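See below for the structure under consideration.
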Amino acid sequence: MRLFDAHNHLQDNRLPDDTASMMAECTEAGLVRMVVNGTHEADWERVADLAKRHDCVLPSFGLHPWFVHERSADWLARLVQHLDAWPSAVGEIGLDRWKPGLPYDEQEEVFLAQLNLAAERNLAASIHCLKSWGRLLELLKENRTPDRGFLLHSYGGPAEMVEPLANLGAYFGFPGYFAHERKKRQREVFRRVPADRLLIETDAPDQALPGERVTHPLDQGLNHPANIAAVYRAAAEALGQAPESLANQVEENFLRLFSE
Ligand SMILES: [Zn+2]
22 MRLFDAHNHL
32 QDNRLPDDTA
42 SMMAECTEAG
52 LVRMVVNGTH
62 EADWERVADL
72 AKRHDCVLPS
82 FGLHPWFVHE
92 RSADWLARLV
102 QHLDAWPSAV
112 GEIGLDRWKP
122 GLPYDEQEEV
132 FLAQLNLAAE
142 RNLAASIHCL
152 KSWGRLLELL
162 KENRTPDRGF
172 LLHSYGGPAE
182 MVEPLANLGA
192 YFGFPGYFAH
202 ERKKRQREVF
212 RRVPADRLLI
222 ETDAPDQALP
232 GERVTHPLDQ
242 GLNHPANIAA
252 VYRAAAEALG
262 QAPESLANQV
272 EENFLRLFSE
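Each residue of the sequence shown is one higher than the one before, starting from 22 at the first, in the working numbering.
Here it is in structure tokens:
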């Protein structure tokens with residue numbers, strides 16, 4: 022099977038330094054392409070560097086809501102420079118009202134500036150949203166979005182919002198984390214996702230699978246991107262689909278959203 026990781030952070034310095042052997046393990050697991058998401062100005066160069074060294078890396082550049090308050094004065098110009106050099110995807114961007122102590126003011130303006138860049142260039146945007154689903158839906162309705170669509174990474178919103186979001190162009194990322202027993206409600210939400218809008222993601226090094234499903238363990242419970250095959254298996258089980266046909270559908274979806 023040909024596997025596609027719609028969202029990870031291979032540049033994260035919590036992962037092992039030996040990226041080459043990590044990539045070899047991913048290839049062996051069946052991975053064809055992965056979207057590597059930058060989160061703040063300091064890691065964009067590393068994302069670009071990974072893309073130069075590894076063909077399977079599709080680089081994505083964005084300012085994550087957790088880092089909005091530490092952005093530089095010329096962050097947007099720097100983002101534009103990276104997108105000029107690598108016109109592939111925008112993210113990770115988003116809204117977060119969940120993280121304790123995180124300021125919300127300025128998150129919307131920073132999110133919208135990046136969404137607008139993605140729309141102007143018709144690049145896929147990868148969106149993080151925690152405890153802001155109603156507001157996100159409003160903003161997506163009121164603002165221009167990329168014609169090709171956008172990814173709601175690790176979709177944790179309610180079932181009844183799947184349809185209106187899909188109508189606006191949303192794809193929905195299923196992470197291994199949703200295989201945990203306590204995530205039953207979210208697994209059921211994914212049964213409402215249209216077949217042509219489903220994507221699979223590791224979000225490595227975060228959102229690890231339940232221990233017994235992990236094929237590539239790392240210290241401190243971190244998530245290795247080669248666990249992607251196990252995430253596909255968990256998604257196929259949750260959706261009651263044959264693994265082979267799920268993989269074919271996800272490949273089509275990935276190539277449609279992230280084609281260059
Ligand atoms: Zn992420």
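Built from N, CA and C at the ideal position, the CB exists for glycine as well. In this text the structure is predicted, and so the values were computed from the model without any measurement.
Among the options, the one whose alpha carbon lies nearest that of residue i
| i | options | result |
| --- | --- | --- |
| residue 110 | 116, 58, 67 | 58 |
| residue 75 | 123, 166, 53, 163 | 53 |
| residue 142 | 170, 202, 85 | 170 |
| residue 250 | 232, 270, 221, 274 | 221 |
| residue 85 | 133, 79, 39, 40 | 133 |
| residue 172 | 152, 196, 23, 163 | 196 |
| residue 230 | 270, 219, 216, 245 | 245 |
| residue 129 | 108, 261, 90 | 90 |
| residue 150 | 177, 264, 39, 278 | 177 |
| residue 55 | 72, 42, 62 | 72 |
| residue 137 | 242, 35, 162 | 162 |
| residue 61 | 93, 122, 264 | 93 |
| residue 167 | 209, 22, 43, 279 | 279 |
| residue 77 | 257, 63, 23 | 23 |
Span separating the alpha-carbon of residue i from that of residue j
| i | j | result |
| --- | --- | --- |
| residue 88 | residue 126 | 12 Å |
| residue 105 | residue 45 | 29 Å |
| residue 179 | residue 223 | 21 Å |
| residue 37 | residue 181 | 40 Å |
| residue 160 | residue 276 | 26 Å |
| residue 254 | residue 95 | 43 Å |
| residue 247 | residue 202 | 22 Å |
| residue 252 | residue 49 | 15 Å |
| residue 28 | residue 194 | 8 Å |
| residue 228 | residue 175 | 9 Å |
| residue 41 | residue 264 | 28 Å |
Unbroken alpha helix (DSSP H) run spanning residue i, endpoints
| i | result |
| --- | --- |
| residue 264 | 264-279 |
| residue 233 | Here residue 233 belongs to no alpha helix (DSSP H), and DSSP marks it neither H nor E. |
| residue 153 | From DSSP, residue 153 is part of no alpha helix (DSSP H); its letter is neither H nor E. |
| residue 282 | Any property of residue 282 remains undetermined from this structure, which presents the chain solely from 22 to 281. |
| residue 185 | 183-188 |
Boundaries of the beta strand (DSSP E) in which residue i is found, first to last residue
| i | result |
| --- | --- |
| residue 118 | Residue 118 -> no beta strand (DSSP E), and no H or E assigned at all. |
| residue 192 | 191-196 |
Residue j beta carbon less than 7 Å from that of residue i
| i | j | result |
| --- | --- | --- |
| residue 135 | residue 148 | no |
| residue 226 | residue 26 | no |
| residue 112 | residue 146 | yes |
| residue 270 | residue 216 | yes |
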